[in-house]
Every structure is written in C-alpha cells, then in structure tokens.
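Chains as they are written, first to last, in my numbering: chain S, 1 to 102; chain W, 1001 to 1102. We put the beta carbon where it would ideally sit given N, CA and C, even for glycine. Bear in mind the structure is a predicted one, so any value in this text is a computation, not a measurement.
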C-alpha cells in the first residue's frame, strides 16, 4: 500500500460532481452551462458552485456571450486544468492497479 | 461521457482518507489502530472519525482486546465492505478507461 498515492489526489477534482465536470470538459473543446447541467443532471446552483471552485483553481475558463440575443455561458478546460486532470487520472490508474483483485 | 459512473461512486469510500483506509484493509486480514495511523500518517482524531463512519456503514469491523495488558484496537473489512470496495475500484477503472489519453 502506498498511502502517498491517496494524499496526492487533487481535492478539488476528487469531488464527484467536479470530477464529472472535468471529465465532460476533457472530452470536448467546450460545453455550455446548459449542456453541462443537462448532461450531468445537476441543479443550476450546484453546477454554478462547482464551476466557480474550478475557475478559482484555474482549471476551467468560463466565457459569457450571446446567442440569438440570449446569454450563453461556455466552459472549457484551461491548460492547467487539462494537466491537473491528466495527473489525477494517472493517479487513479495507479490506485486501481494497486487494488485490483488478482 | 457516462455521468452515471460518477454518481455511482460510493460517497463514503470516495473520501481520500477513507479510500486509503479501505485500500489498506483490503490488502491484509486486519490492522491495528496504531498500524493504520502510522501507515497513513493520520492523527488519532482523524482516523477515529473515519473508522466510525466506515463502521456505521457496515464496511469495517472494529474489535477491542488486550495485548501485553495494553488495549488493542483491530480493524478489518466486513464482507459488505470488501464487496463495496471491489465495486468502487471497478467503477474507478471504468472512469480511468473513459478518460485516458489515447
């Protein structure tokens, strides 16, 4: 057992909701607030809170614009977010390898 | 992206400290409180809190006895804990597969 593996897991990404958001954004250039909310089945409030935390951490960029005169919020991973997420997934992989049944 | 993968992650096990405890106990028949604390570098209070939550969830059994006239607390996974941990690791593996860079 290597306990340091667990300690290294990024706390901001490890939370289930934010892990789902990071995973969604890693798979695509960007997603609108509405797309994320509907894909992940989150409430507006919950998603807003998670996005703010990810933005404060520098992991995502949030852009506001207009589409058909309606406000559009678009989210994407930053380079730092992509790097942190890749590191997180690498750690998860090591944890899985360490704990898989033979 | 399958958002349900993330929703299925057991909240009790997903917390980093408890994940480390479950992983340690999965690798061995049992561990004393002291062994767990020292291996994981946790405080007494922190470990006690995590163990209580895991015990309430039915994931671990905590036995109290005496060794050389000193109290000895021993922790082990229950069958339910072993099953839940195996399911958790299987989900992690799917998340890793889904997010690994090509």
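So is residue i buried or exposed if we call it buried at 16+ other beta carbons inside 10 Å?
| i | result |
| --- | --- |
| residue 18 of chain S | buried |
| residue 1024 of chain W | buried |
| residue 72 of chain S | exposed |
| residue 1079 of chain W | exposed |
| residue 1045 of chain W | exposed |
| residue 1081 of chain W | buried |
| residue 68 of chain S | exposed |
If you compare alpha carbons, which of the options is closest to residue i?
| i | options | result |
| --- | --- | --- |
| residue 12 of chain S | S/21, S/41, S/54, S/47 | S/54 |
| residue 26 of chain S | S/89, S/52, S/7 | S/89 |
| residue 62 of chain S | S/29, S/15, S/98 | S/29 |
| residue 1086 of chain W | S/48, S/14, S/9, S/95 | S/95 |
| residue 33 of chain S | S/66, S/100, S/93, S/14 | S/66 |
| residue 1076 of chain W | W/1009, W/1010, W/1036, W/1004 | W/1036 |
| residue 83 of chain S | W/1100, W/1092, W/1091 | W/1100 |
| residue 50 of chain S | S/64, S/14, S/4 | S/14 |
| residue 42 of chain S | W/1098, W/1097, W/1004 | W/1004 |
Tell whether a beta-carbon distance below 8 Å holds between residue i and residue j.
| i | j | result |
| --- | --- | --- |
| residue 16 of chain S | residue 1006 of chain W | yes |
| residue 1021 of chain W | residue 1040 of chain W | yes |
| residue 92 of chain S | residue 1092 of chain W | yes |
In the DSSP output, what is residue i paired with across the bridge?
| i | result |
| --- | --- |
| residue 72 of chain S | S/65 |
| residue 1040 of chain W | DSSP output for residue 1040 of chain W lists no bridge partner at all. |
| residue 1023 of chain W | Residue 1023 of chain W is not bridged to any residue. |
| residue 1060 of chain W | W/1077 |
| residue 31 of chain S | S/75 |
So that I know if they touch, is there some Cβ in chain C lying closer than 8 Å to that of residue i?
| i | result |
| --- | --- |
| residue 1006 of chain W | You won't find chain C in this structure, because its protein chains are S and W. |
TODO: Please name the residues in the segment 1011-1027 of chain W whose beta-carbon is closer than 8 Å to at least one beta-carbon of chain S, in chain order.
DONE: 1011, 1014, 1016, 1017, 1019, 1020, 1023, 1024, 1026, 1027
TODO: Can you give me, in chain order, the residues of the segment 72-100 of chain S that have a beta carbon less than 8 Å from any beta carbon in chain W?
DONE: 85, 86, 89, 92, 93, 95, 96, 98, 99, 100
Open item on the list: Tell me which residues of the segment 45-62 of chain S have at least one Cβ-Cβ distance to chain W shorter than 9 Å, keeping chain order.
Closed with: none
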